[in-house]
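Colleague:
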């Protein structure tokens, strides 16, 4: 009786073990079948990148806003523009204005005067002014300046008469051109006096009572 009971118990245990193994295999099969999905899926939509707005075209400045194209140019290397006061040879042009018989060149601006002196300014270079008056003044006393100017002393126009007074013409360079000073003297031009005139003026200047008779 005990032997039959043990046999029945062993058979029951074997049956339960076989059932457990069958259930385990079935579960593995289900998991395997569930993990392999052979159905086709639609591709997921990809995000579309937004286009950046177009950059505005560069604006070109106009009028006073335009950059200077000559700012980098060295003015010392730039040739002087042609002046309307120069002739074809590059010399100053004579005007209708004259002082003490000498015609002034075009472009002279009167700055003022004091007594017998008159002051002028011009944008012409001092060397051109010196050449201009050198061709029109008559004197034997010319002082050349290291700055490029000159002083004509006791001078007068080449076309002046004997009664024309002498004058000093001083030419000095300036930042904008040249400055010219005319100082007209009250005396006559010494170079035009003859020996007789010099003797007469001497006799008039020396009183008779002051004259000492010559001794023998």
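In the numbering used here, the protein residues as written are 152 to 367.
By construction, the Cβ of each residue, glycine as well, lies at the ideal position given by its N, Cα and C atoms.
Between the Cα of residue 334 and those of 271, 327 and 297, spot the shortest distance and give me the residue it belongs to.
Modeller: Along the chain shown, one-based indexing puts residue 334 at 183. Nearest of 271, 327 and 297 to residue 334, Cα basis: 271.
Colleague: Would DSSP call residue 259 helix, strand or coil?
Modeller: Residue numbering aside, residue 259 sits at position 108 when the chain shown is read from its first letter. Three-state result, residue 259: coil.
Colleague: Mark residue 273 as exposed unless 16 or more other C-beta atoms lie within 10 angstroms of its C-beta, in which case mark it buried.
Modeller: Here residue 273 is taken as the residue at index 122 of the chain shown, counted from 1. Residue 273 is buried by the Cβ-count criterion.
Colleague: State the Cα-Cα distance for the pair residue 241 and residue 281, rounded to the nearest angstrom.
Modeller: Your numbering for residue 241 matches position 90 in the chain shown. Your numbering for residue 281 matches position 130 in the chain shown. Spanning the two alpha carbons is a distance of roughly 14 Å.
Colleague: Can you tell me whether DSSP reads residue 278 as helix, strand or coil?
Modeller: As a working note, residue 278 is residue 127 in the chain shown. Three-state DSSP puts residue 278 in a helix.
Colleague: When you compare only the Cα positions, how much space is there between residue 342 and residue 318?
Modeller: Looking up residue 342 in the chain shown gives position 191. Looking up residue 318 in the chain shown gives position 167. Any reading at residue 342 needs caution, since the residue's pLDDT is 49, under 50, leaving its predicted position unreliable; the model's value is listed next. Cα to Cα, the separation comes out at about 12 Å.
Colleague: Less than 8 Å between the C-beta atoms of residue 251 and residue 244, yes or no?
Modeller: If you number the chain shown from 1, residue 251 lands on position 100. If you number the chain shown from 1, residue 244 lands on position 93. No, they are not a contact pair.
Colleague: Tell me residue 319's beta-bridge partners as DSSP assigns them.
Modeller: Start at 1 with the first residue of the chain shown, and residue 319 comes out as number 168. In DSSP, residue 319 forms a bridge with 334.
Colleague: Measure the C-alpha to C-alpha separation of residue 292 and residue 268 and round it to an integer number of angstroms.
Modeller: Against the chain shown, residue 292 aligns to sequence position 141. Against the chain shown, residue 268 aligns to sequence position 117. When rounded, the distance between both Cα atoms is 19 Å.
Colleague: So, for residue 248: in the same chain, excluding its five sequence neighbours on each side, which residues have a beta-carbon less than 6 Å away from its beta-carbon?
Modeller: Here residue 248 is taken as the residue at index 97 of the chain shown, counted from 1. Here the set comprises 255.
Colleague: So, residue 322 versus residue 301, is the Cβ gap smaller than 8 Å?
Modeller: Working through the chain shown from its first residue, we reach residue 322 at position 171. Working through the chain shown from its first residue, we reach residue 301 at position 150. Result yes, Cβ atoms of residue 322 and residue 301 sit closer than 8 Å.
Colleague: Among 308, 204, 266 and 275, which residue has its Cα nearest to the Cα of residue 331?
Modeller: Within the chain shown, the letter at position 180 stands for residue 331. Nearest option by C-alpha distance: 275.
Colleague: Measure the CB-CB distance between residue 308 and residue 287 and report whether it falls below 8 Å.
Modeller: Here the question's residue 308 lines up with position 157 in the chain shown. Here the question's residue 287 lines up with position 136 in the chain shown. The answer is yes: Cβ separation under 8 Å.
Colleague: So which of 262, 258, 324 and 284 has the shortest CA-CA distance to residue 310?
Modeller: In the chain shown, counting from the first residue as 1, residue 310 sits at position 159. Of 262, 258, 324 and 284, the residue nearest in Cα terms is 284.
Colleague: Grab me the residues of residue 297's own chain with a C-beta within less than 7 Å of its C-beta, minus the 5 sequence neighbours each way, in chain order.
Modeller: Within the chain shown, numbered from 1, the residue matching residue 297 stands at position 146. Excluding sequence neighbours, residue 297 sits near nothing in its chain.
Colleague: Going by DSSP, what residues sit across from residue 324 in a beta bridge?
Modeller: Here residue 324 refers to the residue found at position 173 when the chain shown is read from its first residue. Answer is 329, bridged to residue 324.
Colleague: Quick check on DSSP: helix, strand or coil for residue 109?
Modeller: Any answer about residue 109 is impossible in this case: the structure gives the chain only from 152 up to 367.
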